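Protein chains in written order, with the numbering used here: chain Z, 5 to 354; chain H, -3 to 19.
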Amino acid sequence: DVAEQLTPVLLDSPREESLQLVSELKDSSGSCAVDVSTVWWEAAGCRELRVVTASESAVSLWKPLAPNCWGKVYTWRLEEVPVIQIVPLPNTCNLVCVALGELEIGEIRLLFYSSETDSFKHSLLKTGNIKAVVGLKDWRLVSSSRTMQEQQVEMVLLSETGGSKDRQTLMPPEETVTAFAEVEGMREALVGTTAGNSVVVWNLKTGQLLRKMHIGYSYPASICHRAYSDSGLLFVVLSHPHAKESESCGSLAFRVVAFNPCTGRSTGVTFSCLPPGRAGRQYLEGDVWDTAGAAVLMSGAVAVWDLLRGQCTAVLPPDPIGHWALARWATSGARLLAGRRDGTVHLYRY
Amino acid sequence: CSESDLGPISLSWFEELSAEAPP
């Protein structure tokens, strides 16, 4: 650990310049931060991007008060079950989704403002042994849950009042789904990765499981982050949290793989790596927005890549006060949130 | 990549797979 702390970030070209610090949020509650995200919020006819921070027992909504100044609007107390993560809901408004549980997700809750009672509330959306969850555009949420006998994959259409308008069951694959990603530009398509290292494709409208395509054995335990359909191919952004350092590439963070859904064949398109020379596991966790990837590294730095070029474009060195622990793209894009465990969040323009 | 690597490509793969897959 000491060696990790003292090792500088060995990158020649990428620097902080492509990330411009916009503002800092400081949480004085003293609780350990577990996640950070953004949400569109409309109040009194004004729609603005707000920041959401989560500790194990509370989720706070932050509002921009003035340039470089943020204030807490409200804190939801969730003290019975620990918060594990915030689930971003792209292009929704006035709704925050959180996953809670002990080691694994046991419940999903919606946090919202009720104009009927003029108060902030939260409601239980789903319980179970939940393995993966993703928020999709247009107020949709997909999750997979597992019982001893079977796996259930379900899409829920969310309502502004913290409930569900509709539910659609998706055909489960035999293997456990480990992650979901929406397909850019194809509203009814959804991809997932499985514990058997396959990519699966669903039709969200019909619930059909359209295709299962094996990724290969070179990069086990792949996690999907994003997908794009173009020219008859399905491009999937994968991360490989358990990938070993290789001589040719160094430490791999993200990979873009092109799949032909008709044949199930695939080929690697780009690899986003750190330069070789630093042994050990680099990648702790990451997030993808459009074609930009961000990851927190073991050194406490945050690295950003252009995934289409496979190039590292920016690095936030470990902060002398504390290592970066969280890196998330804002739902609006072009903004990166970097968070420390002490609750401090830096908002960068990218 | 070339077409030979990935096999024949269809721009309407989503519709075609939806028509073929079990309901």
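Don't be surprised by glycine CBs; every beta carbon is placed ideally from N, CA and C.
Since the structure is predicted, the reported quantities are computational estimates derived from the model, not experimental observations.
Worksheet item: What are the partner residues of residue 196/Z, as DSSP defines its beta bridges?
Response: Looking at the DSSP assignment, residue 196/Z forms a beta bridge with 184/Z and 204/Z.
Worksheet item: Listing by chain order, which chain H residues have their CB less than 8 Å from the CB of residue 269/Z?
Response: The contact set of residue 269/Z on chain H, defined by CB atoms closer than 8 Å, consists of 1, 2 and 3 in chain order.
Worksheet entry | Which of helix, strand or coil DSSP assigns to residue 13/H | Looking at residue 13/H - three-state DSSP - the assignment turns out to be helix.
Item to complete: Name the residue from 235/Z, 232/Z, 228/Z and 45/Z whose alpha carbon lies nearest to the alpha carbon of residue 243/Z.
Response: Among 235/Z, 232/Z, 228/Z and 45/Z, the Cα nearest to that of residue 243/Z is on 228/Z.
Fill in: Residues near residue 8/Z in its chain [Cβ-Cβ closer than 6 Å; skip 5 each side]
Legend: pLDDT at residue 8/Z = 35, less than 50; position of this residue unreliable, value from coordinates given subsequently. Taken in chain order, the residues that qualify are 302 and 303.
Worksheet item: For residue 9/H versus residue 266/Z, is the C-beta distance shorter than 7 Å?
Response: Between residue 9/H and residue 266/Z, the C-beta gap is smaller than 7 Å, which places the two residues in contact.
Practice prompt. List the endpoints of the continuous beta strand (DSSP E) containing residue 68/Z.
Written response: For residue 68/Z, the enclosing beta strand (DSSP E) has its first and last residue at 62 to 70.
Worksheet item: Skipping 5 residues on each side, what residues in its chain have a beta carbon closer than 6 Å to that of residue 160/Z?
Response: Only 145, 168 and 171 meet the Cβ criterion.
Discussion item. I'd like to know whether the C-beta atoms of residue 273/Z and residue 262/Z end up nearer to each other than 7 Å.
Written reply: For the 7 Å CB-CB criterion, residue 273/Z and residue 262/Z form a contact.
Practice prompt. Check whether the Cβ of residue 17/H lies closer than 7 Å to any Cβ atom in chain Z.
Written response: So yes, residue 17/H belongs to the interface.
Item to complete: Please list the partners that residue 215/Z has in chain H, where partner means a Cβ-to-Cβ separation under 7 Å.
Response: At a beta-carbon threshold of 7 Å, the residues of chain H lying near residue 215/Z are 13, ordered along the chain.
Discussion item. Using only the alpha-carbon positions, how far apart do residue 123/Z and residue 29/Z sit?
Written reply: Roughly 24 Å between the two C-alpha positions.
Practice prompt. Taking 8 Å as the threshold, find out whether the stretch 41 to 53 of chain Z comes into contact with the stretch 334 to 342 of chain Z through three or more Cβ pairs.
Written response: At 8 Å Cβ cutoff, the stretches touch.
Practice prompt. Figure out for me which residue from 347/Z, 245/Z and 312/Z has the closest Cα to the Cα of residue 32/Z.
Written response: Ranking 347/Z, 245/Z and 312/Z by Cα distance to residue 32/Z puts 347/Z first.
Discussion item. Does residue 10/Z pass the burial test, meaning 16 or more other C-beta atoms within 10 Å, or should it be called exposed?
Written reply: The pLDDT assigned to residue 10/Z is 34, lower than 50, so where the model puts this residue is not dependable, and the model offers no usable value.
Fill in: Neighbour flag for residue 193/Z against chain H, beta carbons, 7 Å
With a threshold of 7 Å between beta carbons, residue 193/Z makes contact with chain H.
Worksheet item: Shortest alpha-carbon distance to residue 57/Z belongs to which of 38/Z, 50/Z and 51/Z?
Response: Closest by alpha carbon: 38/Z.
Worksheet item: From residue 6/Z to residue 323/Z, what distance separates their C-alpha atoms?
Response: Note on residue 6/Z: pLDDT 34, under 50, position unreliable in the model; the coordinate value appears next. If you take the alpha carbons of residue 6/Z and residue 323/Z, they lie about 15 Å apart.
Discussion item. Using a 10 Å radius around the Cβ and a threshold of 16 neighbouring Cβ atoms, would you call residue 186/Z buried or exposed?
Written reply: The Cβ neighbour count for residue 186/Z, taken over all protein chains shown within 10 Å, is at least 16; the residue is labelled buried.
Discussion item. Would residue 72/Z pass as an interface residue toward chain H - the criterion being a Cβ-Cβ separation below 7 Å?
Written reply: Chain H contact via Cβ: absent.
Item to complete: My understanding is that residue 232/Z touches residue 188/Z, with C-beta atoms under 8 Å, so please give their C-beta distance in whole angstroms.
Response: Contact between residue 232/Z and residue 188/Z holds, since their C-beta atoms are separated by about 5 Å, short of 8 Å.
Worksheet item: Are there 16 or more other CB atoms within 10 angstroms of the CB of residue 97/Z, so buried, or fewer, so exposed?
Response: For residue 97/Z, the number of other beta carbons within 10 angstroms of its own is below 16, and it is reported as exposed.
Item to complete: Evaluate contact between the stretch 104 to 117 of chain Z and the stretch 81 to 90 of chain Z, counting only Cβ atoms and requiring at least three cross-stretch pairs below 8 Å.
Response: Cβ pair count under 8 Å is three or more, so yes.
Fill in: Euclidean distance between Cα positions of residue 298/Z and residue 211/Z
CA-to-CA, the gap between residue 298/Z and residue 211/Z works out to about 31 Å.
Fill in: Under 9 Å from the C-beta of residue 266/Z: neighbouring residues of chain H
Those are 2, 3, 4, 5, 6, 9, 12 and 13, listed as they occur along chain H.
Worksheet item: residue 190/Z touches chain H at which residues, Cβ-Cβ below 7 Å?
Response: The answer, in chain order, is 10.
Worksheet item: Who are the neighbours of residue 212/Z on chain H, taking C-beta pairs under 9 Å?
Response: The contacting residues are 13, 14, 17, 18 and 19.
Worksheet item: On the three-state DSSP scale, how would you describe residue 7/H?
Response: Residue 7/H falls in the coil class under three-state DSSP.
Discussion item. According to DSSP, is residue 14/Z part of a helix, a strand, or is it coil?
Written reply: In this predicted model, residue 14/Z has a pLDDT of only 40, less than 50, meaning its place in the structure is not dependable; the value taken from the coordinates is given anyway. In the structure shown, residue 14/Z falls within a coil segment according to DSSP collapsed to helix, strand and coil.
Worksheet item: In whole angstroms, what is the alpha-carbon distance linking residue 321/Z and residue 132/Z?
Response: Each residue's Cα considered, the two are about 39 Å apart.
Fill in: 6 Å Cβ shell around residue 40/Z - same chain, five flanking residues per side excluded
Excluding residues within five positions, the ones whose Cβ falls inside 6 Å are 57, 330, 332, 341, 343 and 349.
Worksheet item: Does the separation of the CB atoms of residue 136/Z and residue 173/Z fall below 7 Å?
Response: One thing to note: residue 136/Z has its Cβ no nearer than 7 Å to the Cβ of residue 173/Z.
Worksheet entry | Close beta carbons around residue 202/Z, own chain, < 7 Å, minus the five adjacent residues each side | Closer than 7 Å at Cβ, skipping near neighbours: 179, 216, 217, 218 and 219.
Discussion item. Report the start-end ranges of each beta strand (DSSP E) in the stretch 125 to 188 of chain Z that is 3 residues or longer and not cut off at the edges.
Written reply: Entirely contained in the stretch 125 to 188 of chain Z, the beta strand (DSSP E) runs reaching 3 residues are, in chain order, 144 to 150, 155 to 162, 168 to 174 and 181 to 188.
Worksheet item: Where does residue 15/H land, buried or exposed, given buried means 16+ other C-beta within 10 angstroms?
Response: Counting Cβ neighbours within 10 Å, residue 15/H comes out exposed, since fewer than 16 surround it.
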